[in-house]
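S.K.:
Numbering (UniProt numbering), first residue to last: 1 to 147.
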């Protein structure tokens, strides 16, 4: 059974010679697989053009209290980014108007123009605070692996 093509949103199974210990406990969730030279860049730092929500979603309020407002991003703050199906931590390095420079906790294979979801830790839970689009970033040089 040889797969001729796959479409976005489709579910496929891939057989590899990879050590099974690498794949247990969903460690490969969000990882990208592709032919050598066909994958997008691997980023360690991103510049994101973002938009913040006015109010927090999913936070309960008592009686007459207003729903929690989303405060501006601050330098040094830790966020969670969702890029495709990958979740990665990020530290805010700089913020200017609606452009943020984010240092990722783990390298992410993605491309410029990709949409991202921004979440902030609120009362011990990650809450969606906004979204953005990747404008630029610092890439990691990934040497081609011998087959």
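Even glycine gets a Cβ: it sits at the ideal position worked out from N, Cα and C. Keep in mind the model is a prediction, meaning the values are calculated, not measured.
1) Checking 8 Å against the spacing of the C-beta atoms, do residue 53 and residue 102 come in under that value?
2) Between residue 137 and residue 49, is the Cβ-Cβ spacing less than 8 Å?
3) So what does residue 4 bridge to, in DSSP terms?
4) State the Cα-Cα distance for the pair residue 145 and residue 17, rounded to the nearest angstrom.
5) Per DSSP, which one or two residues make a beta bridge with residue 82?
6) List the DSSP bridge partners of residue 138.
7) Check whether the Cβ of residue 144 sits closer than 7 Å to any heavy atom of the ligand ADP, and report yes or no.
8) Answer with buried or exposed for residue 129, where buried requires no fewer than 16 other C-beta atoms within 10 angstroms of its C-beta.
9) Near residue 94, what residues of its chain come up, given a Cβ to Cβ distance below 6 Å and the 5 sequence neighbours on each side ignored?
10) From residue 107 to residue 4, what distance separates their C-alpha atoms?
M.R.: Let me spell this out:
1) Cβ distance not < 8 Å, so residue 53 and residue 102 don't count as in contact.
2) It is not a contact, given that the beta carbons lie outside the stated cut-off.
3) The partner list for residue 4 (beta bridge, DSSP) is empty, contrary to what the question assumes.
4) One alpha carbon belongs to residue 145, the other to residue 17, and they sit about 14 Å apart.
5) 87 and 117, per the DSSP bridge assignment.
6) Bridge partners of residue 138: 45.
7) This structure lacks the ligand ADP; in fact it carries no ligand of any kind.
8) Its Cβ being crowded by 16 or more others within 10 Å, residue 129 is buried.
9) So the list reads 101, once near-sequence residues are dropped.
10) Distance between the alpha carbons of residue 107 and residue 4 is about 30 Å.
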